[in-house]
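Peer 1:
In UniProt numbering, the protein residues as written are 1 to 346.
(1) Can you check the stretch 238-265 for any beta strand (DSSP E) of at least 3 residues that lies completely inside it and give the ranges in chain order?
(2) Going by alpha carbons, who is nearest to residue 260 out of 328, 6, 208?
(3) Please find out if some non-hydrogen atom of the ligand SAH comes closer than 7 Å to the beta-carbon of residue 272.
(4) Taking a contact to mean a Cβ-Cβ separation below 8 Å, would you say residue 98 touches residue 122 in this structure?
(5) In whole angstroms, what is the alpha-carbon distance linking residue 22 and residue 84?
(6) For the stretch 26-33 against the stretch 47-60, do three or more pairs of beta-carbon atoms, one drawn from each stretch, fall closer than 8 Å, so that the two count as touching?
(7) Of the residues 128, 148, 135, 204, which one's Cα is nearest the Cα of residue 178?
(8) DSSP on residue 226, reduced to helix/strand/coil?
(9) What did DSSP end up calling residue 25 once you bin it into helix, strand or coil?
(10) Assuming residue 164 is part of the alpha helix (DSSP H), what are its boundary residues?
(11) Strictly by DSSP, which residues pair up with residue 63?
(12) Report buried or exposed for residue 30, applying the criterion of at least 16 other Cβ atoms within 10 angstroms of its Cβ.
(13) Are the stretch 264-277 and the stretch 184-194 in contact at 8 Å, needing three or more beta carbon pairs?
(14) Closer than 8 Å is the cut-off here; do at least three beta carbon pairs connect the stretch 327-340 with the stretch 224-231?
(15) Check each candidate in 326, 93, 189 and name the one with the smallest Cα separation from residue 77.
(16) Considering just the uninterrupted stretch of the alpha helix (DSSP H) at residue 345, what are its terminal residues?
(17) Going straight from the alpha carbon of residue 115 to that of residue 189, what length do you get?
(18) Looking at the unbroken alpha helix (DSSP H) that takes in residue 120, where does it start and where does it end?
(19) Drop a sphere of 10 angstroms on the beta-carbon of residue 253, count the other beta-carbons inside from all chains shown, and report buried for 16 or more, exposed for fewer.
(20) For residue 174, write down the residues that DSSP places opposite it in a beta bridge.
(21) Alpha helix (DSSP H) containing residue 281: first to last residue?
(22) Considering only residues of the stretch 79-136, which uninterrupted beta strand (DSSP E) runs meet the minimum length of 3 residues and lie entirely inside it, listed in chain order?
(23) Please state the DSSP three-state secondary structure of residue 148.
(24) Would you give the residue range spanned by the alpha helix (DSSP H) that residue 373 belongs to?
(25) Rounded to whole angstroms, what's the CA-CA distance from residue 20 to residue 235? Just pull it up for me.
(26) Output needed for residue 144: all residues of its chain with C-beta closer than 8 Å, excluding positions within five of it in sequence on either side, in chain order.
What follows is the structure in structure tokens.
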């Protein structure tokens, strides 16, 4: 891809995200979302492979539908209340339409079908952007309007996302699809608590971004796109594979790793809000995700050579982990002891 085109796309993504997360007016927020959508499409389709073109078209159609719904919701709200302020979303129909639009933008169940397919058609770097940076603007809008939205509907979306994200990830062999369903499952945890403690949603999103970035960057350096390739990557980069295993277990939410902290705090907050049944259900559903994270960890580290893999041998390249990967790995595995400090900050 032309460096100038890549620079324009990167700047547009930064500007679009900044506009949306800093705006108070619906039209400005919508403009930022549109800039993001148009900026990421060249990055998705840059390989000119039919699957990449298909992914770009699917992404464009779903995101433009969601943007149209956001615009319609804000216009409907301003028609009845005279307000274009994002925090003044008071009309019930507008709240329902906005919830659907943000669910499409984020890839929440039952509007999740586009997300794994788009990630599968993208490169690992673009998939990282789709899973982290491009989730920030719609998540910001959801946090700003969370007090106006229907908590029962959000709870239903959260439980369905945790269920489907864990269930559909069980049988996948492609790492990008596994991480897509992992993203859907984590979004379910964020949506579960957003009506009761939005700051905890922000913390969960930040930690999810750290862990997902670490996994994507590590997989990008080892060129691992499917589990059969992961089986033979141990001999090339044993240390990097060990850190991938730790980060995957952190994504699963196992103590004493960083990923345990948001799940612990969310279950604690739900129990305080006298929502013990929901806390129990969402904790049980996290076991589905734990299974495929353990499967990934097993493939990355525990299957030591010689193994019975029938995968074609690849050229031996020895990528050196970058400083950013090292820093992200430390953050995504060892922040749990700082929990008291982080809790006081939120």
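By construction, the Cβ of each residue, glycine as well, lies at the ideal position given by its N, Cα and C atoms.
Peer 2: Taking the structure as given:
(1) Entirely contained in the stretch 238-265, not one beta strand (DSSP E) run reaches 3 residues.
(2) Out of 328, 6, 208, 208 has the C-alpha closest to the C-alpha of residue 260.
(3) Among the components modelled here there is no ligand, and therefore nothing to report on the ligand SAH.
(4) Not closer than 8 Å, so no.
(5) Near 15 Å, if we compare the C-alpha coordinates of residue 84 and residue 22.
(6) The stretch 26-33 is not in contact with the stretch 47-60.
(7) Among 128, 148, 135, 204, the Cα nearest to that of residue 178 is on 128.
(8) It is a strand residue.
(9) Note: residue 25 maps to strand in three-state DSSP.
(10) For residue 164, the enclosing alpha helix (DSSP H) begins and ends at 151-168.
(11) Paired residue(s): none; residue 63 is not in a bridge.
(12) Residue 30 comes out buried.
(13) Output reads yes: the stretch 184-194 touches the stretch 264-277.
(14) With a cut-off of 8 Å on Cβ pairs, the stretch 327-340 is not in contact with the stretch 224-231, counting fewer than three such pairs.
(15) For the options 326, 93, 189, the alpha carbon positioned closest to that of residue 77 is the one of 93.
(16) Taken as a continuous stretch (DSSP letters only), the alpha helix (DSSP H) holding residue 345 covers 339-345.
(17) Approximately 17 Å, taken between the alpha carbons.
(18) Annotation: the continuous alpha helix (DSSP H) that includes residue 120 extends over 114-120.
(19) By the neighbour-count criterion, in which 16 or more other beta carbons inside 10 Å mark a residue as buried, residue 253 falls on the buried side.
(20) Beta-bridge pairing links residue 174 to 226.
(21) Residues 276-297.
(22) Counting whole runs of 3 or more residues, the stretch 79-136 contains no beta strand (DSSP E) stretch at all.
(23) Residue state, collapsed to three classes: coil.
(24) Because the chain spans 1 through 346 in this model, residue 373 falls outside it and cannot be assessed.
(25) C-alpha separation (whole angstroms): 44 Å.
(26) So the qualifying residues of the chain are 86, 87.
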